[in-house]
Amino acid sequence: MNALLFPVEIRGSRSCNGTIKNGGHPYRTPWCGESMIQDFDLTARWSTLLHAHFTEDVHNIAQLWPDVQSLEVSYRTIEGFDPTFAQSILEQPDLHDDASNRAVRELLADVGYGNINPWVRIVHLPSDQVRTVSQLRSDDIGLMISIDAVVTKISGVRPRMYSATFKCAACEHLTIIQQPNEQELISPMECSQIDGGCGLTNRQTRFHLLQERSTLTNSQFIELQELPEQVRGGVQPERISCVAEHDLTGKVNPGDRVKANGVLFIRSQRKFGKDTPVFDIFMRVQSLERQNLALEEIVVSDEEEAQIRAFAADEDVYKRISESIAPSIFGMDKIKETLMLQLFGGVARLNPDGTRNRG
Numbered sequence: 004m005n006a007l008l009f010p011v012e013i014r015g016s017r018s019c020n021g022t023i024k025n026g027g028h029p030y031r032t033p034w035c036g037e038s039m040i041q042d043f044d045l046t047a048r049w050s051t052l053l054h055a056h057f058t059e060d061v062h063n064i065a066q067l068w069p070d071v072q073s074l075e076v077s078y079r080t081i082e083g084f085d086p087t088f089a090q091s092i093l094e095q096p097d098l099h100d101d102a103s104n105r106a107v108r109e110l111l112a113d114v115g116y117g118n119i120n121p122w123v124r125i126v127h128l129p130s131d132q133v134r135t136v137s138q139l140r141s142d143d144i145g146l147m148i149s150i151d152a153v154v155t156k157i158s159g160v161r162p163r164m165y166s167a168t169f170k171c172a173a174c175e176h177l178t179i180i181q182q183p184n185e186q187e188l189i190s191p192m193e194c195s196q197i198d199g200g201c202g203l204t205n206r207q208t209r210f211h212l213l214q215e216r217s218t219l220t221n222s223q224f225i226e227l228q229e230l231p232e233q234v235r236g237g238v239q240p241e242r243i244s245c246v247a248e249h250d251l252t253g254k255v256n257p258g259d260r261v262k263a264n265g266v267l268f269i270r271s272q273r274k275f276g277k278d279t280p281v282f283d284i285f286m287r288v289q290s291l292e293r294q295n296l297a298l299e300e301i302v303v304s305d306e307e308e309a310q311i312r313a314f315a316a317d318e319d320v321y322k323r324i325s326e327s328i329a330p331s332i333f334g335m336d337k338i339k340e341t342l343m344l345q346l347f348g349g350v351a352r353l354n355p356d357g358t359r360n361r362g
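Last residue of the sequence shown? That's 362 in the working numbering, and every number before it is there in order.
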């Protein structure tokens, strides 16, 4: 899974005069104007939106916690509430991510659920924000976009440390270090005297990681690939690696068709141990929309169950299924029967002599 690990995000930001800060993207017109929403006002605006449209949904989270840990908010609802505010979400997703989460937690705290920390997930992005993997370009970096794709690979769910607490071996002073890098645990350079430490450097003392005092969250890497119908003839489908965190982990499996909504970031390609000016694109997933139902989510009615059992009891069930495979192709009965057997599985059975037949 090493190919799915990547270091610190590089997120671009744009100013209203079109200049680029922090490695941003110069090709897209920045969102700004006289009504531009200030950072400090975002939480208040989100609180107003949640009070107006999602009060009942927020209360349901409190009742269903921890089975439900996020609030899905449709972009269409936000656009109906305030189109300018909705547009700013697409242009400044990181600011809105923090503000929306803060707003929903404040709303829960007001009704006595201050110990619950849910996440706001924005779904149903507008069609002009939908991309295929091969359509991703530099002017999409830092924006909130949506990718229609199929899951080809997933990693295991692993704890990811966001802030690490270290204790100085000399004076036992605690130092908190933010961990933006996915591949490297950053340790203190010194025990800072400004914060009340002894002032010794990491060569003069040792720093012990206190896992119980550090901030951890679940993290999973997902690889997405273009859908077959999106690929031009003779061209290999392109892929993108994504990182999903918190309650988004463990939600998809290889083969699932999803619409991944999130923010793109980049990392430098390395050659001969050095960074190059060419970058690879990755996505930090903000929400996932399943395009196909998981098997366990399909509800079979009593009538459908009766039809299935009647079909299974038919003596010619094998023949009927195999003949339904590519009926326009005549012959190849054995090949069709082989395909049929690969499509179905059975249940494990324990024989009288104690041996076991795998399902």
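For every residue, glycine included, the Cβ atom is placed at its ideal position computed from N, Cα and C.
- Under the DSSP assignment, L52 falls in the alpha helix (DSSP H) whose first and last residues are L45 to H56.
- DSSP places P231 in the helix class (H, G or I) of the three-state scheme.
- Beta-bridge partners of K339 (DSSP): none assigned.
- Per DSSP, the continuous alpha helix (DSSP H) segment holding Y78 begins and ends at Y78 to F84.
- Taking C-beta atoms as the reference points, T168 and S222 fail to come closer than 8 angstroms.
- Per DSSP, reduced to three states, the secondary structure at R206 is coil, with no helix or strand assignment.
- The alpha-carbon of L342 is positioned some 8 angstroms away from that of S325.
- DSSP, reduced to helix, strand and coil, places V320 within a helical segment of the structure shown.
- Judged by DSSP secondary structure, L146 falls outside any alpha helix (DSSP H); it is assigned neither H nor E.
- DSSP, reduced to helix, strand and coil, places H127 outside both helices and strands of the structure shown, so it counts as coil.
- Under DSSP, the beta-bridge partners assigned to C245 are I225 and M286.
- If you look at I179, you'll find it isn't in any alpha helix (DSSP H); it sits in the beta strand (DSSP E) that goes L177 to Q181.
- In this structure, DSSP gives S195 a state outside helix and strand, which the three-state scheme calls coil.
- S77 and I180 have their C-alpha atoms roughly 35 angstroms apart.
- Assignment of V281 by DSSP, reduced to helix, strand and coil, places it in the strand class.
- Judged by their CB atoms, F84 and H56 are nearer to each other than the 8 angstroms cut-off.
- Cβ contact annotation for Q294 (same chain, cutoff 7 angstroms, sequence separation greater than five): R260, V261 and K262, in chain order.
- For N104, the uninterrupted alpha helix (DSSP H) segment begins and ends at P96 to D113.
- For D113, the number of other beta carbons within 10 angstroms of its own is below 16, and it is reported as exposed.
- The beta carbon of E75 sits closer than 6 angstroms to those of R124 and V126, all from its chain and outside the five residues before and after it, given in chain order.
- The distance from the Cβ of N264 to that of Q289 is about 5 angstroms, consistent with a contact at the 8 angstroms cut-off.
- Secondary structure note for A263: its beta strand (DSSP E) is the uninterrupted segment R260 to K274.
- Judged by DSSP in its simplified three-state form, F169 adopts strand.
- Assigned with DSSP and collapsed to three states, L74 falls in strand.
- As computed with DSSP, R359 is found in a beta bridge with L353.
- Taking a C-beta distance under 8 angstroms as the contact criterion, L111 and V153 do not qualify as a contact pair.
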